[in-house]
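Take a look at the structure set out below.
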Ligand code: SME
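Structure follows, in structure tokens:
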């Protein structure tokens, strides 16, 4: 495993194209789920410096906070609650350009302004979500969804 990431400047598509193969190289020889999810958060934080990046994992029919980078966050989310609970329930990617406009948004921090949440699926079941928050409005779009789905596909191989 490489000890240092090569960080890419420029358009976010280029940044994803650079960081995703590096993440693949970091996780491919490791089977521990928590270790891999932790390094994925760290690599995304280093490349993009988003406000909060983390995983919530389904345990006993709740989303429970997993590996993350950023400030402390709420630990448990019920199905259908907030953006994370909605992405879990709907089994769909949810992009929120302005969290104040999302009914039921769970404000772990008032500094979070926009958000993207992607479900992690295995055999038709949602096992958790990847949640990314930005301190700026309108930070996530279909480009993020496209590349983060590639990352989710890698996670679905080891989770
Ligand atoms: N805002 C999320 C809760 C998790 S935190 O942002 C880390 C939501 O509405 O589900």
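In full-length UniProt numbering, the protein residues as written are 1 to 159. We treat Cβ as the ideally placed atom computed from N, Cα and C, and that holds for glycine.
Contact test: residue i Cβ vs the ligand SME heavy atom, cutoff 7 Å
| i | result |
| --- | --- |
| residue 93 | no |
| residue 98 | no |
| residue 78 | no |
| residue 52 | yes |
| residue 135 | no |
Those residues which DSSP pairs with residue i across a bridge
| i | result |
| --- | --- |
| residue 119 | 129 |
| residue 176 | Because residue 176 is not part of the residues shown, which for the chain are 1 to 159, the question remains open. |
| residue 69 | 53 |
| residue 59 | 62 |
| residue 94 | 117 |
Range of the contiguous alpha helix (DSSP H) that encloses residue i
| i | result |
| --- | --- |
| residue 21 | 12-27 |
| residue 158 | 142-158 |
| residue 162 | The question about residue 162 has no answer here: the residues shown for the chain are numbered 1 through 159. |
The ligand FMN heavy atom lying under 7 Å from the CB of residue i
| i | result |
| --- | --- |
| residue 64 | Absent from the structure shown: the ligand FMN. Ligands present: the ligand SME. |
Simplified DSSP state of residue i, which is helix, strand or coil
| i | result |
| --- | --- |
| residue 77 | strand |
| residue 6 | coil |
| residue 194 | Any answer about residue 194 is impossible in this case: the structure gives the chain only from 1 up to 159. |
| residue 124 | coil |
| residue 89 | helix |
Exposure label - residue i; buried when at least 16 CB within 10 Å
| i | result |
| --- | --- |
| residue 61 | exposed |
| residue 115 | buried |
| residue 53 | buried |
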